[in-house]
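Position one of the sequence shown corresponds to residue 1355 (our numbering), numbered consecutively onward.
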Amino acid sequence: MATLTNLTLADDVSVPSGVTLVVSDGNTLTVNTGKTLDLTGGSLALMNNATFTVNGTVNAKSTTSETSYGIVIVPGETTAAATINGSGIIHLTTPGILLAVSAGQKLTLSGTVILDGLTTDTNYPGTSIPYPTGIGGDPINNTYSLIFVGGELNMQGGTITGNYNSDTSQRDGGGVEINKAESGNGVARFTMSGDAKVSGNKAAQGGGGVNVCQGGTFIMNGGTVSGNSAAYAGGVRVEPGNSGAVTTFTMIGGTVYGSGEIAPNANRATGWGASLGKRNGGTAQYGNLAPIALDESSGRGTSTTLTGHN
């Protein structure tokens, strides 16, 4: 384990196998433009109030194990908060979860940094999005969402793109999954604003862009969810949870609401661009949210809420 204070990488760096770079509390690691940080052998840990500025390229790996939440992670105490920003790109090079925000933790994404996942086949039905393959050109299916949110993710900028969640048994969400069940009694919340984008992702099941489930919350103050694909709910799926958990999607302002927009014609699905699971007693809908449809195929019988503002 190597602990870093404020450090700028002015040259290409490859982290050896078994070595973890730890950006310590309140410090910054910067990858300069045109330079590469290779984490396919080692790993990176962001501690409380640490900042990871990516202006160049980062190659990261993960595993298909749900207990290995990626290589760029926010570990440690349950109050950890960190920031990823910059104008570069972070590639996921192996199947798994690139980034997980665990219960009680907070992560802010800003700037124009791109989080790039793994996909397969370049001719996904219903869309002309050119899905890339893995490094070396081999077609790869990712088994999970690119980002898993059991804590709080505040996306003020950047792009979540190019991921194919091929799991058909447990996980939905091509780009982001928000799941409160993983956080116990904590908060699982994803907030989009500014120029944030979730695009070019797909899921074998629901929620090509974003899947909100098990009492999670998605608040869209800005940004764009577009160009995603799924068997149903190509853009956003709001899925009912268990044990009375209320799953919530709130949109505020913009083309559909606020500066945020869901582009239903650019999110491909056999169903709708967005869907809600069935709720006992009906679903609360406020404001003009016509592009978002209610999927009543689920029979779990717990609450989902869709809210907007006039």
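Built from N, CA and C at the ideal position, the CB exists for glycine as well.
Quiz item: How big is the Cα-Cα spacing for G1588 and N1439?
Solution: Cα to Cα, the separation comes out at about 27 Å.
Self-check item: Contacting residues, own chain, Cβ-Cβ under 8 Å from T1387 (five flanking each side not counted)
Solution: Cβ neighbours of T1387 beyond the five flanking positions: N1409, G1410, S1441 and G1442.
Quiz prompt | CB of G1577 within 8 Å of CB of M1546, strictly | solution = Against a cut-off of 8 Å, the Cβ pair of M1546 and G1577 comes out as a contact.
Quiz item: Exposed or buried, which one is N1582 when buried takes at least 16 other CB atoms within 10 Å?
Solution: Taking a 10 Å sphere around the C-beta of N1582, we find 16 or more other C-beta atoms and assign the residue as buried.
Practice problem: Taking L1453 as part of the beta strand (DSSP E), name the residues at either end of that continuous run. | Solution: Where L1453 is concerned, the enclosing beta strand (DSSP E) stretches over L1453 to V1455.
Quiz item: Between the beta-carbon of A1399 and the beta-carbon of D1379, is there less than 8 Å?
Solution: By the CB criterion at 8 Å, A1399 and D1379 fall outside the cutoff.
Quiz item: Count the other CB atoms within 10 Å of the CB of P1449; is the residue buried (16 or more) or exposed (fewer)?
Solution: P1449 sits buried, since 16 or more C-beta atoms from the chains shown fall within 10 Å of its C-beta.
Exercise. May I have the straight-line CA-CA distance separating G1570 from G1548, to the nearest angstrom?
Key: Taking the straight line from one Cα to the other gives about 21 Å.
Quiz prompt | Identified DSSP bridge partners for E1506 | solution = DSSP, once it has assigned bridges, lists K1460 and R1543 as partnering E1506.
Self-check item: Burial state of T1437 (16 or more Cβ within 10 Å)
Solution: Buried, since its Cβ has 16 or more Cβ neighbours within 10 Å.
Practice problem: In the DSSP assignment, find the beta strand (DSSP E) that holds S1580 and state where it starts and stops. | Solution: It spans G1576 to S1580 - the beta strand (DSSP E) in which S1580 sits, taken as one unbroken run.
Self-check item: Sequence-distant residues of the same chain with beta carbon closer than 6 Å to N1565, five excluded per side
Solution: Cβ neighbours of N1565 beyond the five flanking positions: D1526, G1527, E1531 and R1591.
Practice problem: Identify which residue in G1562, V1541, E1506 and N1517 has its Cα closest to the Cα of L1461. | Solution: The residue with the shortest Cα to Cα distance from L1461 is E1506.
Exercise. On a CA-only basis, which of V1541, A1542, V1467 and L1453 is nearest I1501? Give me that one, please.
Key: The option with the nearest alpha carbon to I1501 is L1453.
Self-check item: N- and C-terminal bounds of the beta strand (DSSP E) containing Q1559
Solution: For Q1559, the uninterrupted beta strand (DSSP E) run begins and ends at K1556 to G1560, by DSSP.
Quiz item: What's the gap between the Cα of D1365 and the Cα of T1384?
Solution: For D1365 and T1384, the gap between their C-alpha atoms comes out near 11 Å.
Quiz item: Helix or strand or just coil, what does DSSP make of T1374?
Solution: DSSP places T1374 in strand when its eight states are reduced to three.
Quiz item: How would you write the range of the beta strand (DSSP E) that I1438 sits in, first residue to last?
Solution: Unbroken beta strand (DSSP E) run through I1438: A1435 to N1439.
Quiz item: Considering only C-alpha positions, which residue in the set S1456, L1363, T1466 and I1451 is nearest to L1472?
Solution: With distances taken between Cα atoms, L1472 lies closest to I1451.
Quiz item: Which residues in the same chain as T1466 place their Cβ atom closer than 8 Å to its Cβ, once the five residues preceding and following it in sequence are excluded?
Solution: Excluding positions up to five away in sequence, the list reads G1440, S1441, G1511, G1512, T1513 and D1549.
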